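S.K.: Below is one structure. I have some questions about it.
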């Protein structure tokens with residue numbers, strides 16, 4: 001902005017001084033209408049400014065793309081996120097564990113999220129770590145975050161999804177060291193219940209203000225099965241054995257959970 005404003009202010013005083021009434025040496029051109037030099041300055045400078053801003057905006061915008069993996073020498077932690085009514089399920093496919101409403105990872109370590117929903121559309125959001133990303137049934141979104149400092153960050157649902165929406169919160173724990181994260185993983189494995197298809201169906205039942213819960217992953221195809229659940233478990237004629245197994249599991253997950261009777 002100053003590249004334009006400062007020269008204009010300076011030239012305003014220069015022209016006023018040069019073409020003052022008492023300066024008889026100034027050239028008088030009452031029929032003047034065009035100057036190639038002025039046209040060049042008027043167009044070239046804005047073009048340079050707009051081009052520079054465009055390049056800067058393009059690069060910065062793509063660096064902030066939530067689908068763009070974070071550059072790091074540290075191996076990332078992969079987490080599969082499922083939005084339920086009204087709780088969050090976090091699956092660690094590489095570690096064979098899962099948790100409800102509690103997420104952990106070491107600080108300075110990229111976390112790669114794959115996100116979907118097994119309920120109404122929702123929004124996964126840890127305000128102190130990055131932007132929100134939508135969770136939608138039958139679709140997968142991605143998010144990449146990292147924590148520069150150890151601590152407990154509060155995650156929320158940023159999209160209204162019904163009566164239990166206000167209590168749909170979780171803790172994202174960034175441990176100081178990888179050893180502390182490994183201790184958390186060991187605790188989950190030692191205390192967690194097996195998470196198979198039937199246990200997952202139970203989790204899909206609406207519930208509010210859920211405390212943290214831990215599971216061992218008994219069904220490694222759970223996330224893709226949830227993702228394809230809304231495709232009625234169909235598979236193509238050329239599907240692989242793995243895709244067929246995912247489709248079969250998707251059909252199982254389509255069962256309606258048994259709900260407790262409502263007390264009058």
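Residue numbers (full-length UniProt numbering): 1 to 264.
C-beta: ideal position from N, C-alpha, C; glycine also.
None of these values were measured; they are calculated from a predicted model.
State yes or no: is the C-beta of residue 101 within less than 8 angstroms of the C-beta of residue 197?
M.R.: Taking the first residue of the chain shown as 1, we reach residue 101 at position 101. Taking the first residue of the chain shown as 1, we reach residue 197 at position 197. Not a contact, by the Cβ cut-off of 8 angstroms.
S.K.: Nearest CA to the CA of residue 77: which residue from 113, 183 and 19?
M.R.: If you number the chain shown from 1, residue 77 lands on position 77. It is 113.
S.K.: Run through the DSSP bridge pairs and tell me what residue 101 is partnered with.
M.R.: Locating residue 101 in the chain shown gives position 101, counting from the first residue. Its beta-bridge partners do not exist; DSSP assigns none.
S.K.: Within the same chain, show all residues whose beta-carbon is closer than 7 angstroms to that of residue 141, passing over the 5 residues directly before and after it, in chain order.
M.R.: The residue labelled residue 141 in the question sits at position 141 within the chain shown. So the list reads 115, 133, 134 and 135, once near-sequence residues are dropped.
S.K.: Quick check: what's the CA-CA separation for residue 53 versus residue 43?
M.R.: Looking up residue 53 in the chain shown gives position 53. Looking up residue 43 in the chain shown gives position 43. Near 16 angstroms, if we compare the C-alpha coordinates of residue 43 and residue 53.
S.K.: Under 8 angstroms, Cβ to Cβ, is there at least one residue of chain D near residue 6?
M.R.: No chain D appears in this structure, which consists of one protein chain only.
S.K.: Quick check on the DSSP output: what are the complete alpha helix (DSSP H) runs of length 4 or more inside the stretch 160-225, in order along the chain?
M.R.: 178-191 and 197-203
S.K.: Alpha carbon to alpha carbon, how far is residue 166 from residue 240?
M.R.: Locating residue 166 in the chain shown gives position 166, counting from the first residue. Locating residue 240 in the chain shown gives position 240, counting from the first residue. Using only the alpha carbons, I get a separation of about 42 angstroms.
S.K.: Consult DSSP for residue 264 and reduce its assignment to one of helix, strand or coil.
M.R.: Within the chain shown, numbered from 1, the residue matching residue 264 stands at position 264. With a pLDDT of only 48 at residue 264, under 50, the local geometry of the prediction cannot be trusted, and the value read off the model is given with reservation. Of the three classes helix, strand and coil, the one that applies to residue 264 here is coil, per DSSP.
S.K.: CB-CB under 7 angstroms to residue 28, same chain, minus the five flanking residues each way: which ones, in chain order?
M.R.: Mapped onto the chain shown, residue 28 falls at position 28. Excluding sequence neighbours, residue 28 sits near nothing in its chain.
S.K.: Would you kindly work out how many angstroms separate the C-alpha atoms of residue 11 and residue 49, rounded to a whole number?
M.R.: Stepping through the chain shown from its first residue, residue 11 is reached at position 11. Stepping through the chain shown from its first residue, residue 49 is reached at position 49. Going from the Cα of residue 11 to the Cα of residue 49 covers about 20 angstroms.
S.K.: Per DSSP, what are the beta-bridge partners of residue 106 in this structure?
M.R.: Counted from its first residue, the chain shown places residue 106 at position 106. 175.
S.K.: Given a cut-off of 8 angstroms on the beta-carbon distance, is the pair residue 184 and residue 104 in contact?
M.R.: By 1-based counting over the chain shown, the position of residue 184 is 184. By 1-based counting over the chain shown, the position of residue 104 is 104. For residue 184 and residue 104, yes; Cβs fall inside 8 angstroms.
S.K.: Between residue 155 and residue 170, which are expected to be in contact by the criterion C-beta below 8 angstroms, what is the C-beta distance as a whole number of angstroms?
M.R.: On the chain shown, residue 155 is found 155 positions in, with the first residue counted as 1. On the chain shown, residue 170 is found 170 positions in, with the first residue counted as 1. Correct: roughly 4 angstroms between the Cβ atoms.
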